[in-house]
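A quick write-up on the structure given underneath.
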Amino acid sequence: MLAVAVIASGCGSEHSAAPVATAKANTAAQLKQAKAAKAAAAAKVKANELGQIPVLMFHRVIKNPATTDDRTPEQFRADLDRLVRDDYVPITAAEFVTGKIDIPAGKHPVVLTFDDSSPSQLTLDEMGTVKADTAVAILREVAAKHPGFRPVATFYVTRDMFGKTVREEQAQALGWLRDNGFDIGNHTRDHVNLRGRPQKDVEEQIGAIQKQITSLVNVKPITLALPYGNQPTNKEWAMHGKFGDVTYRNSGVFLAGYTPAPSPFSKSFDPMGIPRIRAMDKKGDCVQFCSIAWLDWLNHNPDMRYTSDGDVRTVAYPKFKTPFLRTSFTTWSLPY
Ligand SMILES: [Zn+2]
1 MLAVAVIASG
11 CGSEHSAAPV
21 ATAKANTAAQ
31 LKQAKAAKAA
41 AAAKVKANEL
51 GQIPVLMFHR
61 VIKNPATTDD
71 RTPEQFRADL
81 DRLVRDDYVP
91 ITAAEFVTGK
101 IDIPAGKHPV
111 VLTFDDSSPS
121 QLTLDEMGTV
131 KADTAVAILR
141 EVAAKHPGFR
151 PVATFYVTRD
161 MFGKTVREEQ
171 AQALGWLRDN
181 GFDIGNHTRD
191 HVNLRGRPQK
201 DVEEQIGAIQ
211 KQITSLVNVK
221 PITLALPYGN
231 QPTNKEWAMH
241 GKFGDVTYRN
251 SGVFLAGYTP
261 APSPFSKSFD
271 PMGIPRIRAM
281 DKKGDCVQFC
291 SIAWLDWLNH
301 NPDMRYTSDG
311 DVRTVAYPKF
321 KTPFLRTSFT
331 TWSLPY
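Residues 1 to 336 in the numbering used here are what the sequence shown spells out, letter by letter.
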């Protein structure tokens, strides 16, 4: 409303007062109408942009899993097929933490994250062709079969760099991700447990890998995944710090477990500790707290799940959820 008043008085300054007042009233009425139409459209798809978002945590995608963190190519394909069936559309971790959730009306965002930069996630040959059955290859195949299912994900990189030790090859892998719409995140240089470490060590671990990524492909990660999900003594050290001539500033820091994440527009959102969900079947301790169980739960609790209104510039939700809106997003709010 403020913007409208300023525009109306600005362009009407040389005219008499009456037409300005009429124009102002007309514009206000038009805006009100447009907003009502948007709210009606949001209500129709039951938009809930204060709802929860699953951030799935993957490690290796390999034929013979060695640990419960690994997925076989078949399991990973099935994971993605299920997300397609359940009307999810992938967004990156960077898009998630900055609230840039640009997906069609009625769809749900999902964040696919891959830790430890293993060759099973991305391997390129010398021509730059992606090796079959890697995570990236499978994601692109599924997306090609299902238009609208965006082939995007976030890769949390350590010095392992997809198994490449030569700088040119490291630059090839990271550059390929950058050029194909993938997101590169920070997973510390040596994959050390940051819990209990002095600030200097924490900043070195985070700053050093950022420096390496930036020097290879001129990308500055804006999210970090904590190794083992463990926060440093002071959570702020993961968000911003210095190492030599490098300063880093993260917009979001991800944990390792065990629930869907709050919407970035919700008051429950804590950028310093964003939960993720292990990609795993309903077995053992995963009966309740891993991906299959949580995706079932979100299907059964649609009022708890993030559903888009299709407009990236609004935050739409049922009116009664207003107390849960982060005040910094009031301007974009569209309660219905
Ligand atoms: Zn890791």
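In this text, a Cβ means the ideal position worked out from N, Cα and C, and glycines have one as well. No experiment lies behind these values; they were computed from the predicted model shown.
Using a Cβ-Cβ cut-off of 8 angstroms (strictly less than) and excluding sequence neighbours within five positions of residue 251, which residues of its own chain qualify?
94, 97, 98, 222, 223 and 271
### Message
Would residue 187 pass as an interface residue toward chain C - the criterion being a Cβ-Cβ separation below 8 angstroms?
### Response
The structure shown contains no chain C, having only a single protein chain.
| request: Using only the heavy atoms of ligand 1, determine whether one of them is closer than 7 angstroms to the beta carbon of residue 221. | output: no
- prompt: Does ligand 1 have even one heavy atom less than 7 angstroms from the beta-carbon of residue 245?
  reply: no
(Q) Applying the 10 Å Cβ sphere with the 16-neighbour rule, what's the burial state of residue 320? (A) exposed
(Q) Please return the same chain residues whose Cβ sits closer than 8 angstroms to the Cβ of residue 174, not counting the five positions on each side in sequence. (A) 157, 161, 184, 213, 216, 217 and 219
Query - Run of the alpha helix (DSSP H) containing residue 73, from where it starts to where it stops - result: 73-85
Bounding residues of the alpha helix (DSSP H) (the contiguous stretch that carries residue 239): 236-239
| said: I need the DSSP call for residue 115, collapsed to helix, strand or coil. | reply: strand
* Residues sharing a beta bridge with residue 90, DSSP -> 110
Buried/exposed call for residue 115, threshold 16 Cβ in 10 Å
buried
*Taking residue 139 as the reference, give the member of 121, 170, 46 and 128 with the closest Cα.*
121
- Consider the C-beta atom of residue 146 and the heavy atoms of ligand 1; say whether any pair is separated by less than 7 angstroms. no
Quiz item: Counting along the chain, where does the alpha helix (DSSP H) carrying residue 324 start and finish?
Solution: First-last for residue 324: undefined, no H or E at that position.
**Message:** Please give me, in chain order, every unbroken run of the beta strand (DSSP E) with length at least 3 that falls completely inside the stretch 110-191.
**Reply:** 154-157 and 183-186
Entirely enclosed alpha helix (DSSP H) segments - the stretch 237-265, minimum 4 residues
none
Can we count residue 309 as close to ligand 1, meaning its CB is less than 7 angstroms from some heavy atom? no
Beta-carbon within less than 7 angstroms of residue 326's beta-carbon, same chain only, minus the 5 sequence neighbours each way: which residues are those? 265, 266, 267 and 269
Report task. Name the residue from 107, 84 and 63 whose alpha carbon lies nearest to the alpha carbon of residue 45. Result -> 107
**OP:** Please say whether residue 273 and residue 231 have beta carbons closer to each other than 8 angstroms?
**Re:** yes
Would you list the one or two residues that DSSP bridges to residue 58?
-> 114
Original post:
Does the stretch 290-302 come close enough to the stretch 79-95 that 3 or more CB-CB pairs lie under 8 angstroms?
Top reply: yes
Notebook entry, point to check: Cβ-heavy atom distance between residue 160 and ligand 1 below 7 angstroms?
Noted result: no
Taking 8 angstroms as the cut-off, decide whether the C-beta atoms of residue 246 and residue 282 are in contact. no
**OP:** May I ask whether a heavy atom of ligand 1 can be found less than 7 angstroms away from the beta carbon of residue 115?
**Re:** yes
Exercise. Would you give the residue range spanned by the alpha helix (DSSP H) that residue 216 belongs to?
Key: 199-217
Quiz item: Going by the C-beta, is residue 65 closer than 7 angstroms to any heavy atom of ligand 1?
Solution: no
Would DSSP call residue 330 helix, strand or coil?
-> helix
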